[in-house]
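K.L.:
Structure below; questions to follow.
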Amino acid sequence: MKNMLKILCSGLLLLCLAGCSSSDDEPDIPPPGGDETTDGMVIYEANPALFGETQALNALTSQLSRIKKLETNVLWLMPIFQQGEKNSVGSPYCVKDYRGINPAYGTLADLKALVSKAHSEGMLVILDWVANHTAWDHAWTTEHKDWYTQDANGNIISPPGMGWDDVADLNYDNAQMRTAMQEAMLYWLAEADIDGFRCDHAEGVPNDFWKETITKLRSAKSTLLMLAEGSQTALYDAGFDMLYAWSFAYKLQDVYAGSASVANLYETHRSEFASVTDTRLRMRYSTNHDMASEKSPVQAYQTKEGAFSAFIASISMGGCPMIYSSQEIAYDKALSFFGHQPMDWNANADYQANYVKLMQLYRNSPALQQGEIKLYQTGKAVCSYRTSASEKILVLINTSGNQEQMNLPMERVGDSVKNLWTGESTVLPRTFTLEPYQYYIWKIEG
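Throughout the sequence shown, residue numbering follows mature numbering (1 follows the signal peptide of the UniProt record, and there is no 0), covering -23 to -1, 1 to 423 in sequence.
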């Protein structure tokens, strides 16, 4: 990647994370090359509406210290902009004004205070940017009708084939609209010291627009993180630093539901990282706002314990970890991101403490962050072996709600290991019995 991140906040430089091997009889594939002195990014996706019915940005600011304890260093704010009312279904991705903040969330001063606090905590702040479409009552729909895609009768239309009737499709053949979009993005860099953007439906916008726009954004602020909601590797060439690992989390849910095998998950993993080279990253997660709106992690992975072990699986196999606001407290219902939902951020304290413990372990492990990856076929258990110059880590996770007996790979049998979760040392046997959703994170000693 030509535009290496030079993040201002100490210790937040972008880290490459992943390579893979499908099983114990295939050679290891080293991770993409990069600066091994850099720390790994961990993203926290924050839906402001979950933090307060009014003054949501201030409420979120008050939670930053707690969020930071999760070892997160990038705060992704879901759309904070004024929402449209015409044809609205309540989605924050229905933007009425790219330069106006949703009054329920607060003011520009509130956003500046949040960014300042986040920076003091060593966190970057990126805004969710919706460039594919606007609300039907955005001023552009009346002032610049030619900035929108139209049908044969001259009527503005919704994005074709998406089923998003609450929004109007923008016309990227119009140079004036492109310039206005770029100026709106530049506004937030100048006014609020934003550190980058997560670009919604990035594949629904021409790559030449992204390439030109990201060049302009980096001219204004070289220390910029650009995350694309998309998986096509051409987005890297357009200037994005990170893409989604779209399929992994859905396949992980299938594994826990019993409708897919761990071998299928490994296949998905290999496919997603097959074209990733150098410092080109993919974001990994066990849930996000779309998935949680259908099923909470507790529902999708069968139990609280299942949800936690699934998150361990998601961070143990490479990529940039992402935590969605609510999963760390084991919220157990489907969670719409349309509008406010009261949340108790102190709920399930022991569960949240386990998230903190896990992410501290991750932060202190060069192997988990940037090591080579080898995956072992062990029935219903995810088994990943991560190696760096300074350590070797073996992760074993039961994806089943039943007790499972499995055989460890012969090359690991007899290894002296330390359980990083409990501190206990042991020698690995050939046969292992795992309780439902039980996990081990071992460091190979000697």
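Glycine is no exception: its CB is placed at the ideal position from the N, C-alpha and C atoms. Just so you know, these numbers come straight off a predicted model, no measurement behind them.
What beta strand (DSSP E) runs, 3 residues minimum, are completely inside the region 36 to 61?
P.N.:
List check, beta strand (DSSP E) in window: 51 to 54, 58 to 60.
K.L.:
Give a yes or no on contact between the region 350 to 366 and the region 239 to 259, applying the rule of three or more CB pairs nearer than 8 Å.
P.N.:
Yes, since at least three Cβ pairs between the region 350 to 366 and the region 239 to 259 fall closer than 8 Å, the two stretches touch.
K.L.:
Use the C-beta contact count for MET139: other C-beta atoms within 10 angstroms, 16 or more gives buried, fewer gives exposed.
P.N.:
Counting from 1 along the sequence shown, the entry for residue 139 is found at position 162. The residue is exposed, with fewer than 16 neighbouring Cβ atoms inside 10 Å.
K.L.:
Quick one: grab the DSSP three-state call for ILE289.
P.N.:
Indexing the sequence shown from 1 puts residue 289 at position 312. ILE289: helix per DSSP, three-state reduction.
K.L.:
Please report the straight-line C-alpha distance between LEU27 and THR84, rounded to a whole angstrom.
P.N.:
Position 50 of the sequence shown, counted from the first residue, corresponds to residue 27. Position 107 of the sequence shown, counted from the first residue, corresponds to residue 84. Each residue's alpha carbon lies about 17 Å from the other.
K.L.:
Using alpha carbons as the reference points, say which of ALA112, MET154, ASN151, GLU120 lies closest to ILE134.
P.N.:
Position 157 of the sequence shown, counting from 1, holds the residue named residue 134. For ILE134, the nearest C-alpha among the options comes from ALA112.
K.L.:
In chain order, what residues of the same chain have a beta carbon less than 7 Å from the beta carbon of VAL107, not counting five sequence neighbours either side?
P.N.:
If you number the sequence shown from 1, residue 107 lands on position 130. For VAL107, where only same-chain residues beyond five positions count, the Cβ hits under 7 Å are PRO56, TYR70, VAL72, ASP177.
K.L.:
Rank MET162, LEU163, GLY131, SER273 by C-alpha distance to the C-alpha of ASN148 and give the top, closest one.
P.N.:
Position 171 of the sequence shown, counting from 1, holds the residue named residue 148. Out of MET162, LEU163, GLY131, SER273, GLY131 has the C-alpha closest to the C-alpha of ASN148.
K.L.:
Please go through the same chain and pick out, in chain order, the residues whose beta-carbon is closer than 7 Å to the beta-carbon of GLU249, but skip the five residues on each side of it.
P.N.:
For the purposes of this step, residue 249 is taken as the residue at position 272 of the sequence shown. If we look at GLU249 and ignore the five residues flanking it on each side, its Cβ neighbours are ALA222, SER224, PHE225, ARG259.
K.L.:
Please check the pair LEU229 and SER263, which I expect to be a contact at CB under 8 Å, by giving their CB distance rounded to whole angstroms.
P.N.:
Start at 1 with the first residue of the sequence shown, and residue 229 comes out as number 252. Start at 1 with the first residue of the sequence shown, and residue 263 comes out as number 286. LEU229 to SER263, Cβ: 6 Å. Contact.
K.L.:
Cβ atoms of TYR164 and ARG76: under 8 Å apart, would you say?
P.N.:
On the sequence shown, position 99 is the one that residue 76 refers to. On the sequence shown, position 187 is the one that residue 164 refers to. Yes. Within cutoff.
K.L.:
Is it buried or exposed, THR15, if we count other Cβ atoms within 10 angstroms and call 16 or more buried?
P.N.:
As a position in the sequence shown, residue 15 is number 38, starting the count at 1. Here the model assigns THR15 a pLDDT of 32, short of 50, so the residue's position is not dependable, and the following value carries that caveat. The residue is buried, with at least 16 neighbouring Cβ atoms inside 10 Å.
K.L.:
Taking C-beta to C-beta, are VAL144 and HIS121 nearer than 8 Å?
P.N.:
Your numbering for residue 144 matches position 167 in the sequence shown. Your numbering for residue 121 matches position 144 in the sequence shown. Not closer than 8 Å, so no.
K.L.:
Judging by CA-CA distance, which residue of LEU411, LYS395, SER402 is the nearest neighbour of GLU381?
P.N.:
As a first step, residue 381 must be located in the sequence shown, where it is residue number 404. Residue LEU411 is the option with its Cα nearest to GLU381.
K.L.:
In this structure, does DSSP put PRO406 in helix, strand or coil?
P.N.:
Your numbering for residue 406 matches position 429 in the sequence shown. If DSSP states are grouped into helix, strand and coil, PRO406 belongs with coil.
K.L.:
Can you tell me which of ALA95, SER236, GLU349 puts its alpha carbon nearest to the alpha carbon of TYR278?
P.N.:
Position 301 of the sequence shown holds residue 278. Among ALA95, SER236, GLU349, the Cα nearest to that of TYR278 belongs to SER236.
K.L.:
When you compare only the Cα positions, how much space is there between GLN276 and LYS310?
P.N.:
What you label residue 276 is simply residue 299 of the sequence shown in a count that begins at 1. What you label residue 310 is simply residue 333 of the sequence shown in a count that begins at 1. So the two alpha carbons sit approximately 7 Å from each other.
K.L.:
Since I believe THR49 is in contact with ILE300 (beta carbons under 8 Å), could you give me their beta-carbon distance rounded to a whole number of angstroms?
P.N.:
Position 323 of the sequence shown holds residue 300. Position 72 of the sequence shown holds residue 49. About 6 Å; that satisfies the 8 Å criterion.
K.L.:
Could you round the C-beta distance between ILE201 and VAL51 to whole angstroms and report it? I think they count as a contact, below 8 Å.
P.N.:
Position 224 of the sequence shown, counting from 1, holds the residue named residue 201. Position 74 of the sequence shown, counting from 1, holds the residue named residue 51. The sequence as given places Leu at residue 201; Ile does not occur at that position. Going by Cβ atoms, the distance from LEU201 to VAL51 rounds to 12 Å, so no, they are not a contact pair.
K.L.:
Which one of PRO25, GLN159, VAL404, GLY400 has the shortest CA to CA distance from HIS266?
P.N.:
The residue labelled residue 266 in the question sits at position 289 within the sequence shown. The shortest Cα separation from HIS266 among PRO25, GLN159, VAL404, GLY400 belongs to PRO25.
K.L.:
Tell me whether the beta-carbon of ALA169 lies closer than 8 Å to the beta-carbon of LYS89.
P.N.:
Taking the sequence shown and counting its residues from 1, the one referred to as residue 169 is at position 192. Taking the sequence shown and counting its residues from 1, the one referred to as residue 89 is at position 112. Yes. Within cutoff.
K.L.:
Considering only residues of the same chain and omitting the five flanking positions on each side of LEU338, which have a CB-CB separation below 7 Å?
P.N.:
Counting from one through the sequence shown, the residue named residue 338 turns up at place 361. LEU397, ILE418, listed in sequence order.
K.L.:
Can you look up ARG389 in the DSSP assignment and give me helix, strand or coil?
P.N.:
Numbered from its first residue, the sequence shown carries residue 389 at position 412. In the structure shown, ARG389 sits in coil (DSSP, three-state: anything other than H, G, I, E or B).
K.L.:
Could you give the DSSP three-state label for TRP187: helix, strand or coil?
P.N.:
For this step, residue 187 is matched to residue 210 along the sequence shown. Correct three-state label for TRP187: helix.
K.L.:
Report all residues from its chain with a CB closer than 6 Å to the CB of GLU30; omit the five preceding and five following residues, and keep chain order.
P.N.:
Your numbering for residue 30 matches position 53 in the sequence shown. Correct list, in chain order: HIS317.
K.L.:
Please report how far the alpha carbon of LEU194 lies from the alpha carbon of MET162, in whole angstroms.
P.N.:
Translated into the one-based positions of the sequence shown, residue 194 becomes position 217. Translated into the one-based positions of the sequence shown, residue 162 becomes position 185. Their backbone Cα atoms lie some 8 Å apart in a straight line.
K.L.:
Measure the C-alpha to C-alpha separation of ILE289 and ASN79 and round it to an integer number of angstroms.
P.N.:
Residue numbering aside, residue 289 sits at position 312 when the sequence shown is read from its first letter. Residue numbering aside, residue 79 sits at position 102 when the sequence shown is read from its first letter. So the two alpha carbons sit approximately 35 Å from each other.
K.L.:
What are the boundary residues of the alpha helix (DSSP H) that includes TYR332?
P.N.:
Here the question's residue 332 lines up with position 355 in the sequence shown. Note, TYR332: alpha helix (DSSP H), 326 to 340.
K.L.:
Give me the Cβ distance between THR192 and GLY216, rounded to the nearest whole Å; I'm assuming they're in contact under 8 Å.
P.N.:
Residue mapping note: residue 192 aligns to position 215 of the sequence shown, counting from 1. Residue mapping note: residue 216 aligns to position 239 of the sequence shown, counting from 1. The pair is a contact, with the Cβ atoms about 7 Å apart (cut-off 8 Å).
K.L.:
Confirm, please, whether the CB-CB distance from LYS63 to ASP114 is below 8 Å.
P.N.:
Residue numbering aside, residue 114 sits at position 137 when the sequence shown is read from its first letter. Residue numbering aside, residue 63 sits at position 86 when the sequence shown is read from its first letter. Yes, the pair counts as a contact, with Cβ atoms nearer than the cut-off.
K.L.:
Considering Cα atoms alone, identify which of VAL102, SER65, ALA86 is closest to TYR21.
P.N.:
What you label residue 21 is simply residue 44 of the sequence shown in a count that begins at 1. Nearest option by C-alpha distance: VAL102.
K.L.:
May I ask which residues mark the beginning and end of the alpha helix (DSSP H) holding LYS94?
P.N.:
What you label residue 94 is simply residue 117 of the sequence shown in a count that begins at 1. Per DSSP, LYS94 belongs to the alpha helix (DSSP H) from 85 to 97.
K.L.:
What are the uninterrupted segments assigned as alpha helix (DSSP H) that are 4 or more residues long and contained completely in the region 133 to 189, given in chain order?
P.N.:
With a minimum length of 4 residues, the continuous alpha helix (DSSP H) runs that stay inside the region 133 to 189 are 152 to 169.
K.L.:
Does the separation of the CB atoms of GLY17 and GLN347 fall below 8 Å?
P.N.:
Walking along the sequence shown from the start, residue 17 turns up at place 40. Walking along the sequence shown from the start, residue 347 turns up at place 370. A contact, by the Cβ cut-off of 8 Å.
K.L.:
Is THR408 buried or exposed, if buried means 16 or more other CB atoms sit within 10 Å of its CB?
P.N.:
Counting from one through the sequence shown, the residue named residue 408 turns up at place 431. Exposed, by the Cβ-count rule.
K.L.:
Taking Cβ to Cβ, would you say PHE285 is nearer than 8 Å to ASN331?
P.N.:
As a first step, residue 285 must be located in the sequence shown, where it is residue number 308. As a first step, residue 331 must be located in the sequence shown, where it is residue number 354. Going by C-beta atoms, PHE285 is nearer than 8 Å to ASN331.
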